[in-house]
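Q: Take a look at the following structure, please.
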Amino acid sequence: METLTTILTGVLVSVATYLILSRSVLRVILGTAVLSHAAHLLIMSMGRGLKSGEVPILTDEALSYVDPLPQALILTSIVISFAVTAILLVLAYRTYRETGTDNLFEWRGIKDE
Amino acid sequence: MNNLVVLPMVIPVLAGILFVFFRNQIKLQRWISFIVMIGNIGIAAYLLHLNQIAGIQRIDFSGWMPPFGISFVADSFALILVLLTSLVAAICLIYAFSSIGEAREKMYFYSFVNFLVAGVNGSFLTGDLFNLYVCFEIMLLASYVLIALGGEKVQLRESIKYVLINVLSSWFFLVAIAYLYGAIGTLNMAHISERIAESGQTPLLTVISIVFLTVFALKAGLLLYFWLPGSYSIAPTAVAALFGALLTKVGIYAMIRVFTLFFYHDPSITHTFITVLAALTLIGGSIGAVAYKDIRLIVTYNVVIAVGFILVGLAVATPEALEGSIYYLMHDMIVKALLFLLAGTMISVTGTTRIDEMSGLIRNYPLLGWMFFIVMLSLAGVPPLSGFIGKVLVGQGTIETGSYILLALAFLSSIFVLYSLLRVFLQCFWGETIISSEDEIPMKNGWMIPCAILTIGTIVLGLGAEFIFPYVSDAANTLLNPSDYIDAVLTQD
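This is the structure we're talking about:
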C-alpha cells in the first residue's frame, strides 16, 4: 500500500509540475493545489501501517494502532493549502480584471507605474 | 513552564482579530497595534533577563509533555530576535501612521501587520518542527495580503510571483518534514536532535538536510533570491521596511536553528553547501547592488548581501563567528528597516525612484541626509556603529578556520555595500539642489521620528556592545551546545 501511495505521489507531482509550467494562471493555481495533495499523500505514506486496519487509538486492550500524527499534520496542512489557494484565486482574478488577460506571458510586459 | 512565552504570538493574533470588528476605528487600531508591540518588547526583555538567571523557558500546550505535545521554547537566540522584531514592528507602525493612507488602513492593514508579527514571533519561539511550518504560513499569508494591498498593476504582478514561489518553497518544507518524520519518527525539535545524535547522521538524513537547506535558502534569499528584489521593491515603504527587516531573518533563523540543532554531525557536506551558497550570494548581491539606478532595487540587493554575510558565520560555525552572526542579525534588522524607511522617504519627497533624477537633497532635508550617511557607515561596518562588531567577530571566525576566500568575499561585499550607498548619497544628497524651497514637500514628523529612533538604535547597539554581549554570547553558547536545549525541553518539571 505504501508503494502504491508513493507512486501516486510521484504521478501527482509530475501532473502538478506540468500544470505549473503552463501559461494560463488558472492552470498554475490548480497545479499548486495538486502539488499540496501530493505532499499530503507523502506524509500519509510516512506514517507506516497504512493498511493494518487499525484505529489511531491506544487503549489498554489494543494490540496495535495506527500512528495518528500524520493525519493531524495533513488536516492542518489541508486547511493551510485551502487558504493559500483561495488567496491565489482572488489575486489572479484581480490581476485578470486589471489586465484583461489570464496569460502569464502577457503579464510580464506590464510597465512599472 | 512559563505562560509568558506564548504571549508574543497570542497578543498580536488577538489584536488582529479584534480589529476585524472595529474596521472604521482607525485611531483605536493604531493605538492598540502600537501598544501590542511595546508590550511584546517588555515581555521579550523580561524573558531574556529571566533566561540568564533561570535558564531556558518553555511552555507545553495543554499540559502535554514533550516530545508528545507542542511546546514553545524561549532560548536567548529566539528572545533576542523576538525583542528586535517587536521593536522594528513598533517603529514601522509609527512610520505607517503617517504614510500608509486611509484606504489601506480601512482594509485591515493593522490586522495583517499584527498577524505578520505573530507569525514571525511564533516561528522564533516554537519548539516543534511542524509548528514552525504553520507559523511560517501564518507569516506568509499575512505578507501575501500586505504586498498586494492597494491593488496596483505592478503590485499584483509581483505578488502573484511572490505567492507562487512561496507556495513552492512551503511544499518543499512539507516534503522535508514528511521525510524527516519518516526517518526519525518525531517532530519535537529537541527530540529530533537527540535521536539524530543517537543514530548518527546517516546519508539519508544528510539528504533530508539538503532539502531543508533548499527550503530555507528560498525563504531567506540565500542564492535563491531571484524573487526578492521584485517583490520587496513594490510594497509601500512601511511594509517594505517590515519585510526587509523581518521576513528573510526568519529564514536565516530557521537555517541556523536546523543546522546547529539537528544536522551538525556532518559539516563537511552540509556546511560546505552553506559556504558555497553564502559566497555566491555575496557575489550576486554585490553585483546587484551596484548595477541598478532604482534606489528601491539598490536597497533590496543590500538585503541579499546581508543574508550572505550572516550565513558566512553559520558556515564556519566557530563560537566567535556564530556570535558575530547573531550580532549582525540584530544590527541588520534595525539598519535594514532604517534603510528602507529612508529610501522610501526620499522617494516620497522627490516623487521619483531613480537616483539620477534626484540631486542636492541635503539642502532641502539635512536631517534625512545625515541619517542616510550614518546608516551607510553602519552598514559598511565603521566603528563605533553596530555593523562593526558583527563583522569583526565573523571575520575572526573565518580566520580561525582558515577560510580566507570566504573572508575576502565577506569584506569585499562590505566595500560594495559602501560603494552602492555612497553612490546614492553623492548622487541624491550632494550636487545642485533642484527642488526649490517653494515646491519642497514639507518633511513630516511621522517620517523623521521613526528614522531617528532607528538611527539612535544603531548607535546604541554599537556603543552598548559591552552590555549586550552577554546575551549574544549566551545565545551562541546554546546554539553550540545542543544538549542545553535538549535538556531544557525534555526534562519534566
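Those protein sequences? They're chains V and Z, same order as listed. For reference, each letter of the first sequence is one residue, going 5 to 117 in my numbering. For reference, each letter of the second sequence is one residue, going 557 to 1049 in my numbering. Don't be surprised by glycine CBs; every beta carbon is placed ideally from N, CA and C.
How is Ile615/Z classed by DSSP in three states: helix, strand or coil?
A: For the purposes of this step, residue 615/Z is identified with residue 59 of the second sequence, where counting begins at 1. Three-state DSSP puts Ile615/Z in a strand.
Q: Please classify Glu117/V: does DSSP put it in a helix, a strand, or coil?
A: The residue you call residue 117/V lines up with position 113 of the first sequence. Only weak support exists for where Glu117/V lies, its pLDDT of 44 falling under 50; the coordinates are left without a value.
Q: What are the start and end residues of the beta strand (DSSP E) that includes Glu629/Z?
A: Reading the second sequence from its first residue, position 73 is the one you call residue 629/Z. At residue 629/Z the sequence reads Val, which differs from the Glu that was named. Ser627 to Ala630 is the span of the beta strand (DSSP E), which, as asked, contains Val629/Z.
Q: Got a sec: which bits of the segment 697 to 716 of chain Z sit with their beta carbon under 8 Å from any beta carbon on chain V, in order along the chain?
A: Per Cβ criterion, the list reads Leu697, Tyr700, Val701, Ala704, Gly707, Glu708, Lys709, Val710, Leu712, Arg713, Ser715 and Ile716.
Q: I want to know whether the segment 885 to 894 of chain Z touches the segment 933 to 951 of chain Z - three or more CB-CB distances under 8 Å.
A: The segment 885 to 894 of chain Z vs the segment 933 to 951 of chain Z: in contact.
Q: What does DSSP give as the partner residues of Thr682/Z in its beta bridges?
A: Residue 682/Z sits at position 126 when you count from the first residue of the second sequence. In the DSSP output, where bridge partners are listed per residue, Thr682/Z has Phe628/Z.
Q: Taking Cβ to Cβ, would you say His887/Z is nearer than 8 Å to Thr1034/Z?
A: Numbered from its first residue, the second sequence carries residue 887/Z at position 331. Numbered from its first residue, the second sequence carries residue 1034/Z at position 478. No, the Cβ-Cβ distance between His887/Z and Thr1034/Z is not below 8 Å.
Q: Please specify which runs of the alpha helix (DSSP H), each continuous and at least 4 residues long, are wholly inside the segment 905 to 939 of chain Z, giving them in chain order.
A: Fully enclosed alpha helix (DSSP H) runs of 4 or longer: 917 to 920 and 922 to 936.
Q: In chain V, which residues lie with their C-beta within 7 Å of the C-beta of Trp727/Z?
A: Looking up residue 727/Z in the second sequence gives position 171. By Cβ distance, chain V contributes Leu39, Ser40 and Ala43.
Q: When the Cα atoms are used, what is the spatial distance from Asp116/V to Val710/Z?
A: Position 112 of the first sequence, counted from the start, is the residue given in the question as residue 116/V. Position 154 of the second sequence, counted from the start, is the residue given in the question as residue 710/Z. No answer about Asp116/V holds up, because its pLDDT of 49 lies below 50 and its placement is not dependable.
Q: Check distances from the C-beta atoms of the segment 734 to 768 of chain Z to those of chain V and list, in chain order, the residues that come in under 8 Å.
A: Those residues of the segment 734 to 768 of chain Z that come within reach of chain V (Cβ to Cβ, closer than 8 Å) are Ala734, Tyr735, Tyr737, Gly738 and Leu743.
Q: Under 6 Å Cβ to Cβ from His747/Z, same chain only, skipping five residues before and after it: list those, please.
A: Position 191 of the second sequence holds residue 747/Z. Contacts found: Pro623.
Q: Is it right to say Asn559/Z is buried, meaning 16 or more other beta carbons lie within 10 angstroms of its own, or is it exposed?
A: Here residue 559/Z is taken as the residue at index 3 of the second sequence, counted from 1. The residue is exposed, with fewer than 16 neighbouring Cβ atoms inside 10 Å.
Q: Any beta-carbon of chain Z closer than 8 Å to the one on Ile91/V?
A: On the first sequence, position 87 is the one that residue 91/V refers to. Closer than 8 Å to some Cβ of chain Z, the Cβ of Ile91/V qualifies, so yes.
Q: In chain V, what lies closer than 7 Å to Val855/Z by C-beta?
A: Numbered from its first residue, the second sequence carries residue 855/Z at position 299. Neighbours of Val855/Z on chain V: none; closest Cβ ~16 Å, over 7 Å.
Q: Mind checking Ile33/V: buried by the 16 CB within 10 Å criterion, or exposed?
A: What you label residue 33/V is simply residue 29 of the first sequence in a count that begins at 1. Answer is buried; the Cβ neighbour count reaches 16.
Q: When the Cα of Thr826/Z is compared with those of Thr762/Z, Thr1011/Z and Leu935/Z, which residue comes out closest?
A: Position 270 of the second sequence, counted from the start, is the residue given in the question as residue 826/Z. Here the closest residue by C-alpha is Thr762/Z.
Q: Quick one: which unbroken alpha helix (DSSP H) runs of 4-plus residues sit fully inside the segment 753 to 823 of chain Z? Chain order, please.
A: Counting whole runs of 4 or more residues, the segment 753 to 823 of chain Z contains the alpha helix (DSSP H) stretches 759 to 776, 784 to 790, 793 to 798 and 804 to 817.
Q: Closest to Tyr921/Z by C-alpha separation, out of Trp1003/Z, Val868/Z, Asp850/Z and Ala571/Z, would be which residue?
A: For the purposes of this step, residue 921/Z is taken as the residue at position 365 of the second sequence. Nearest of Trp1003/Z, Val868/Z, Asp850/Z and Ala571/Z to Tyr921/Z, Cα basis: Trp1003/Z.
Q: So which of Pro939/Z, Ile733/Z, Leu838/Z and Ile830/Z has the shortest CA-CA distance to Val872/Z?
A: As a working mapping, residue 872/Z is identified with position 316 in the second sequence. Residue Ile830/Z is the option with its Cα nearest to Val872/Z.
Q: On a CA-only basis, which of Thr63/V, Thr21/V and Thr103/V is nearest His41/V? Give me that one, please.
A: Reading the first sequence from its first residue, position 37 is the one you call residue 41/V. When only C-alpha atoms are compared, the closest one is Thr21/V.
Q: Answer yes or no: does any C-beta atom of chain V fall closer than 8 Å to that of Ser693/Z?
A: The residue given as residue 693/Z occupies position 137 in the second sequence. In the sequence as presented, Ser is not what sits at residue 693/Z; that position holds Glu. Answer yes: the Cβ-Cβ gap between Glu693/Z and chain V drops below 8 Å somewhere.
Q: Report the CB separation of Val592/Z from Asn670/Z in whole angstroms; it is logged as a contact under 8 Å.
A: Counting from 1 along the second sequence, the entry for residue 592/Z is found at position 36. Counting from 1 along the second sequence, the entry for residue 670/Z is found at position 114. Right, their Cβ atoms sit about 7 Å apart.
Q: Rounded to whole angstroms, what's the CA-CA distance from Phe633/Z to Ile24/V? Just pull it up for me.
A: The residue labelled residue 633/Z in the question sits at position 77 within the second sequence. The residue labelled residue 24/V in the question sits at position 20 within the first sequence. Approximately 38 Å between the Cα atoms of the pair.
Q: Just to confirm, are Tyr781/Z and Thr816/Z a CB contact at a threshold of 8 Å?
A: Counting from one through the second sequence, the residue named residue 781/Z turns up at place 225. Counting from one through the second sequence, the residue named residue 816/Z turns up at place 260. No, they are not a contact pair.
Q: Which residue comes first and which comes last in the alpha helix (DSSP H) that contains Thr7/V?
A: Here the question's residue 7/V lines up with position 3 in the first sequence. From DSSP, the alpha helix (DSSP H) with Thr7/V extends over Glu6 to Ile24.
Q: If we cut at 8 Å on Cβ distances, does Glu58/V have a partner in chain Z?
A: Residue mapping note: residue 58/V aligns to position 54 of the first sequence, counting from 1. Chain Z, which has no Cβ nearer than 8 Å to the Cβ of Glu58/V, makes this no.
Q: Should Pro568/Z be labelled buried (16 or more other beta-carbon atoms within 10 Å of its own) or exposed?
A: Counting from one through the second sequence, the residue named residue 568/Z turns up at place 12. Pro568/Z should be labelled buried.
Q: Any C-beta of chain Z sitting closer than 8 Å to the C-beta of Ala66/V?
A: Taking the first residue of the first sequence as 1, we reach residue 66/V at position 62. For Ala66/V, the answer is no, since every Cβ of chain Z falls outside 8 Å of its Cβ.
Q: Residues of chain Z with CB closer than 8 Å to the CB of Met50/V, please, in chain order.
A: As a first step, residue 50/V must be located in the first sequence, where it is residue number 46. Those within 8 Å of Met50/V in chain Z are Ala734, Tyr735, Tyr737 and Gly738.
Q: Which residues in chain Z have a C-beta closer than 9 Å to the C-beta of Val88/V? List them in chain order.
A: Translated into the one-based positions of the first sequence, residue 88/V becomes position 84. Residues of chain Z passing the Cβ test: Glu693, Leu696, Leu697, Tyr700, Val719, Asn722, Val723 and Ser726.
Q: Going along chain Z, which residues have a C-beta under 7 Å from Arg31/V?
A: Here residue 31/V refers to the residue found at position 27 when the first sequence is read from its first residue. The premise fails here: Arg31/V is roughly 12 Å from chain Z at the closest Cβ pair, so nothing lies under 7 Å.
Q: Hey, Ile47/V and Ile78/V: beta-carbon distance below 8 Å or not?
A: Here the question's residue 47/V lines up with position 43 in the first sequence. Here the question's residue 78/V lines up with position 74 in the first sequence. Yes, Cβ-Cβ distance for Ile47/V and Ile78/V is below 8 Å.
Q: So the candidates are Asn744/Z, Leu898/Z, Ser976/Z and Asn596/Z; which of them puts its Cα closest to the Cα of Ala646/Z?
A: As a working mapping, residue 646/Z is identified with position 90 in the second sequence. Nearest option by C-alpha distance: Asn596/Z.
Q: DSSP state of Ser654/Z, grouped into three classes?
A: Mapped onto the second sequence, residue 654/Z falls at position 98. In the structure shown, Ser654/Z sits in coil (DSSP, three-state: anything other than H, G, I, E or B).
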